[in-house]
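In this note's numbering, the protein residues as written are 3 to 486.
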């Protein structure tokens with residue numbers, strides 16, 4: 003009780019309830035937040051561009067591209083937890099995270115352009131081999147950067163509300179990066195990138211040029227957290243014993259709040275990626291009737307409007323989390339997303355192509371809120387874990403959670419291709435698919451993702467870490483550390 007009273011006293015000194023010593027300096031917030039763009043570019047651009055470049059541009063089967071994306075995530079299943087464990091157990095004068103962030107940022111930026119430099123005249127097996135080989139190399143380098151970076155958020159402050167605030171900065175830059183991702187395919191088709199000889203827009207060549215620019219940005223922005231962000235709990239963590247990889251997994255998966263938020267995230271991500279994967283084919287071949295320029299413009303405009311609404315919603319969700327708690331706010335956001343997805347059956351029509359962007363735009367604030375709240379919740383989960391184990395294992399939770407996200411994305415992408423083929427879609431037919439094929443694709447698109455979201459809402463309802471419980475956990479940890 004004394005600890006609770008002490009926390010309450012410190013909290014009352016500031017209008018927003020965050021103790022002064024728990025505030026993260028603005029330059030650290032900006033540096034950490036800006037690097038969120040690297041996280042988004044590296045994790046989303048390959049999956050967003052793989053289909054238009056390797057399927058539409060080079061003729062690979064959707065199933066082959068889906069297979070490659072699925073293999074990448076299986077690979078992540080191995081290296082993400084290992085990298086998180088290595089980061090947790092690293093002891094250096096620069097900290098646990100910063101050395102890996104420096105090396106990882108440089109290597110990720112250098113390897114990203116390689117993905118898009120396959121030969122146009124190569125056989126399909128050769129194209130698939132190139133995609134797999136360069137993709138595995140790129141994702142290895144990205145993991146070296148991403149796991150320590152994501153771990154930093156979980157230890158950047160012990161205050162549950164300030165975590166949400168810092169997560170809001172990261173969400174801001176991730177959302178801005180999402181705008182560039184949404185326009186990437188369209189930008190690659192601009193006349194600027196057209197070959198001098200033919201003058202015909204060339205998405206494949208355009209993406210190759212854009213990837214070099216993105217690679218440079220990844221290096222520059224990816225280094226910022228290593229320069230400006232402090233590893234708050236490194237002194238305490240450096241004194242704790244090293245945890246075996248086996249115990250790392252055991253302790254993590256016996257953490258009930260983590261398991262619940264992990265299952266919720268899995269269902270949400272699979273549903274989101276199924277919607278994205280199926281939506282690409284429906285927008286291009288059904289709504290835009292095969293017009294790539296129109297489909298790319300639809301994607302770009304939707305991305306722009308979604309970005310604007312998403313950015314405006316960040317302070318709103320920050321307020322809602324403080325007022326109603328993270329769990330209740332997350333439930334509300336998921337309910338909005340579910341409704342938006344379920345109504346897409348009526349909005350995808352070739353008669354009115356621009357209607358196809360309405361649902362995505364209106365649901366964008368909810369998506370922004372979800373991706374802002376989940377990382378903050380994971381910080382609460384780490385605090386709860388410390389009360390059970392006495393260890394700070396941010397790397398373990400960040401890496402295993404990251405794998406859940408990547409595996410979920412992979413499952414969604416991996417299922418999207420076979421589902422499209424199962425519905426009767428044939429690449430060679432382009433927009434001349436049968437009416438039955440389009441009907442099947444629209445049914446799957448309108449029913450399957452919302453069904454997964456409803457299941458996620460049921461799981462989320464069982465999440466136990468309320469604001470009151472987190473205040474109690476904070477008090478217990480403060481007493482253990484002897485700060486009060």
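Note that the Cβ used here is the ideal one computed from N, Cα and C, for glycine as well.
Check, Outcome
"Output yes or no for whether 8 Å exceeds the beta carbon distance between residue 177 and residue 312.", "yes"
"Go to residue 363, then tell me how far its alpha helix (DSSP H) extends in each direction, as first and last residue.", "360-391"
"Rounded to a whole number of angstroms, what is the C-alpha to C-alpha distance between residue 7 and residue 267?", "Because residue 7 sits at a pLDDT of 44, beneath the cut-off of 50, its placement in the model cannot be relied upon, and the point is left open."
"Compare the C-alpha of residue 261 against each of 85, 394, 81, 387 and name the closest.", "387"
"Out of curiosity, what's the CA-to-CA distance linking residue 206 and residue 173?", "30 Å"
"Contact check, residue 558 vs residue 329 under 8 Å by CB: the rounded distance?", "The requested residue 558 does not occur in the structure, where the chain is confined to residues 3 to 486."
"At the level of alpha carbons, what is the spacing between residue 85 and residue 298?", "36 Å"
"How about residue 150 and residue 89: are their beta carbons less than 8 Å apart?", "yes"
"Please say whether residue 220 and residue 111 have beta carbons closer to each other than 8 Å?", "yes"
"Excluding the five sequence neighbours on either side, which residues of its own chain have a C-beta within less than 7 Å of the C-beta of residue 3, listed in chain order?", "Note that residue 3 has pLDDT 40, beneath the 50 cutoff, so the model's placement of it is unreliable and the number below is only indicative. For residue 3, where only same-chain residues beyond five positions count, there are no Cβ hits under 7 Å."
"Any chance the stretch 378-395 sits against the stretch 73-83, with 3 or more Cβ pairs inside 8 Å?", "no"
"Just tell me which of 430, 31, 413 has its CA closest to the CA of residue 279.", "413"
"Have a look at residue 397 and residue 87 and give me their C-alpha separation to the nearest angstrom.", "6 Å"
"In the DSSP assignment, the alpha helix (DSSP H) including residue 270 goes from what residue to what residue?", "258-283"
"Between residue 333 and residue 459, how many whole angstroms is the CB-CB distance? I'm expecting something under 8 Å.", "6 Å"
"Can you give me the start and stop residues for the alpha helix (DSSP H) that residue 309 sits inside?", "294-326"
"Select from 64, 47, 59, 354 the residue whose C-alpha is nearest the C-alpha of residue 191.", "59"
"Among 347, 38, 179, 467, which has the Cα closest to the Cα of residue 171?", "38"
"Between residue 35 and the rest of its own chain, which residues show a CB-CB distance below 7 Å, the 5 nearest in sequence each way excluded?", "171, 172, 174, 175"
"For residue 180, name the three-state secondary structure that DSSP assigns.", "helix"
"Who are the near neighbours of residue 17 in its chain, counting only those whose CB is closer than 8 Å to its CB and skipping five residues on each side?", "The predicted position of residue 17 is uncertain, since its pLDDT is 48 and thus under 50; a value taken from the coordinates is nonetheless stated next. No residues qualify anywhere along the chain."
"Is residue 270 close to the ligand GTP? I mean its beta-carbon at under 7 Å from any heavy atom of the ligand.", "By its list of ligands, the structure shown contains no ligand whatsoever, and the ligand GTP lies outside what it can speak to."
"Residue 27 to residue 223, Cα distance in whole Å?", "18 Å"
"Compare the Cα-Cα distances from residue 331 to each of 138, 372, 359 and report the closest residue.", "372"
"Starting from residue 119, trace the alpha helix (DSSP H) in both directions and tell me its first and last residue.", "Per DSSP, residue 119 belongs to no alpha helix (DSSP H) and is neither H nor E."
"DSSP three-state call for residue 248: helix, strand or coil?", "helix"
"Just the C-alpha distance for residue 343 and residue 361, rounded to the nearest angstrom, thanks.", "7 Å"
"From residue 440 to residue 357, what does the alpha carbon distance come to, in whole angstroms?", "17 Å"
"So for residue 211, helix, strand or coil by DSSP?", "helix"
"Quick check: the Cα distance between residue 301 and residue 316, rounded to an integer number of angstroms?", "22 Å"
"So, is residue 23 buried or exposed, given that buried needs 16 or more other C-beta atoms within 10 angstroms?", "exposed"
"Is the beta carbon of residue 97 closer than 8 Å to that of residue 309?", "no"
"For residue 51, tell me which candidate among 164, 67, 479 has the shortest Cα-Cα distance.", "67"
"Specify the secondary structure class of residue 60 as computed by DSSP and reduced to three states.", "coil"
"Buried or exposed: which applies to residue 295, given that a residue is buried once 16 or more other Cβ atoms fall within 10 Å of its Cβ?", "exposed"
"Quick check on residue 492: does DSSP put it in helix, strand or coil?", "Look at the range of the chain in this structure, 3 to 486, and you will see that residue 492 is not part of it."
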